[in-house]
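Beneath this line is the structure, given in C-alpha cells, with notes to follow.
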Amino acid sequence: QKEVEQDPGPLSVPEGAIVSLNCTYSNSAFQYFMWYRQYSRKGPELLMYTYSSGNKEDGRFTAQVDKSSKYISLFIRDSQPSDSATYLCASHGSQGAQKLVFGQGTRLTINP
Amino acid sequence: NAGVTQTPKFQVLKTGQSMTLQCAQDMNHNSMYWYRQDPGMGLRLIYYSASEGTTDKGEVPNGYNVSRLNKREFSLRLESAAPSQTSVYFCASGEGLYTDTQYFGPGTRLTVL
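Listed in order, the protein sequences are those of chains F and E.
Taking the working numbering, the leading residue of the first sequence gets 1, the next gets one more, and so forth.
Taking the working numbering, the leading residue of the second sequence gets 1, the next gets one more, and so forth.
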C-alpha cells in the first residue's frame, strides 16, 4: 500500500463548479501536507501548504487536513479553465522533506 | 532570475549508455533534490543534497549517482541506462529540509531503448 493514495481521475467539471480533490494517507507520523499543481509538460509548483490538522484558505483554494481520518482535501471554488492541471498531494513527517511522499496525482479539466 | 533549470529537455539513450542530467538553481537554496515521475507512481525521490558537500539516497537510488558540484549545481548520472529508467526527471531546490516549499525545474524526458 502506498503511503499517500490519490484517485488519478481524470476529473472533468464545468467552469464555475466547486472542485473537491482528495487524498488519504497511512503514516500517522505525517505532519506536513502540501498540494502541488502541475501543468502539462511542466514541473510541479506548490499551491498550498498546511501543518497538522485544520483548514487553510488562499483565494479560491482551500486545503483541509483531517488527521483523525487521515484525509487531505483541496477545494477549488469558482473553477476556471486555467485551473486545468494535474494536482498532487504530498506529505512528510518530522524527518524532513527528504521523506516527502507524493500521491499519484489527479488530472483535472475545467470545461468552458 | 531563472529559478531551477535543467538540461537537456529530452534525451533518447540505448540500453547501456551513460549520461548526466544537469540541474542548476539561482535562488541560493541549500537543499536540492532529484525526482522521477512515472505514470501511476507520482513523484519519487532518487537522491537529495541537504547542503553543499552532502548527498543522500532517496526512495529509488539504484542505478543512479549524483554530484553536488557547488551550491548551485546538482547533477544526476546514469552509468548504464536501462529501459526501466525511462521516465521524466525533475530537479528541485528548497531553502532547507524543513521548509515548506520546493521549487521544481521543467523536467527532462528520458527514453531508454
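The beta carbon of each residue, even a glycine, is placed where N, CA and C say it ideally should be.
These numbers come from a predicted model, not from an experiment.
Chain-order list of residues whose beta-carbon lies under 8 angstroms from that of residue i (same chain, five-residue window excluded)
{"i": "residue 53 (chain F)", "result": "65, 66, 67, 68"}
{"i": "residue 60 (chain E)", "result": "36, 44, 45, 46"}
Cutoff 6 angstroms; reference residue i; Cβ partners in own chain excluding five residues on either side
{"i": "residue 7 (chain E)", "result": "22"}
{"i": "residue 66 (chain E)", "result": "47, 55, 76"}
{"i": "residue 10 (chain E)", "result": "109"}
{"i": "residue 100 (chain F)", "result": "90, 92"}
Minimum Cβ-Cβ distance from residue i to chain E less than 9 angstroms
{"i": "residue 43 (chain F)", "result": "yes"}
{"i": "residue 116 (chain F)", "result": "Residue 116 (chain F) is absent from the structure shown; chain F starts at 1 and stops at 112."}
{"i": "residue 2 (chain F)", "result": "yes"}
{"i": "residue 30 (chain F)", "result": "no"}
{"i": "residue 75 (chain F)", "result": "no"}
{"i": "residue 8 (chain F)", "result": "yes"}
{"i": "residue 87 (chain F)", "result": "no"}
{"i": "residue 49 (chain F)", "result": "yes"}
{"i": "residue 98 (chain F)", "result": "yes"}
{"i": "residue 61 (chain F)", "result": "no"}
Residue-level contact to chain F via CB, residue i, 9 angstroms cutoff
{"i": "residue 64 (chain E)", "result": "no"}
{"i": "residue 104 (chain E)", "result": "yes"}
{"i": "residue 26 (chain E)", "result": "no"}
{"i": "residue 114 (chain E)", "result": "Nothing can be reported for residue 114 (chain E), as the shown portion of chain E is limited to 1 through 113."}
{"i": "residue 110 (chain E)", "result": "no"}
{"i": "residue 2 (chain E)", "result": "no"}
{"i": "residue 101 (chain E)", "result": "yes"}
{"i": "residue 31 (chain E)", "result": "yes"}
Where residue i falls: helix, strand or coil (DSSP)
{"i": "residue 57 (chain E)", "result": "strand"}
{"i": "residue 7 (chain F)", "result": "coil"}
{"i": "residue 37 (chain E)", "result": "strand"}
{"i": "residue 83 (chain F)", "result": "helix"}
{"i": "residue 84 (chain E)", "result": "helix"}
{"i": "residue 24 (chain E)", "result": "strand"}
{"i": "residue 90 (chain F)", "result": "strand"}
{"i": "residue 17 (chain F)", "result": "coil"}
{"i": "residue 50 (chain E)", "result": "coil"}
{"i": "residue 17 (chain E)", "result": "coil"}
{"i": "residue 97 (chain F)", "result": "helix"}
{"i": "residue 55 (chain F)", "result": "strand"}
{"i": "residue 104 (chain F)", "result": "coil"}
{"i": "residue 30 (chain F)", "result": "coil"}
{"i": "residue 22 (chain F)", "result": "strand"}
{"i": "residue 94 (chain E)", "result": "strand"}
{"i": "residue 79 (chain E)", "result": "coil"}
Beta-carbon spacing of residue i, residue j below 9 angstroms
{"i": "residue 43 (chain F)", "j": "residue 106 (chain E)", "result": "yes"}
{"i": "residue 56 (chain E)", "j": "residue 64 (chain E)", "result": "no"}
{"i": "residue 47 (chain F)", "j": "residue 74 (chain F)", "result": "yes"}
{"i": "residue 53 (chain E)", "j": "residue 33 (chain E)", "result": "no"}
{"i": "residue 37 (chain E)", "j": "residue 97 (chain F)", "result": "no"}
{"i": "residue 105 (chain F)", "j": "residue 32 (chain F)", "result": "no"}
{"i": "residue 71 (chain E)", "j": "residue 28 (chain E)", "result": "yes"}
Own chain residues within Cβ distance below 7 angstroms of residue i, not counting five before or after
{"i": "residue 85 (chain F)", "result": "37, 38, 39, 108"}
{"i": "residue 80 (chain F)", "result": "15, 110"}
{"i": "residue 1 (chain F)", "result": "26"}
Checklist entry - Hey, is the stretch 7-19 of chain E in contact with the stretch 21-36 of chain F, meaning 3+ C-beta pairs nearer than 8 angstroms? => result no
Checklist entry - With contact counted as at least three CB pairs below 8 angstroms, one residue from each stretch, are the stretch 1-20 of chain F and the stretch 33-42 of chain F in contact? => result no
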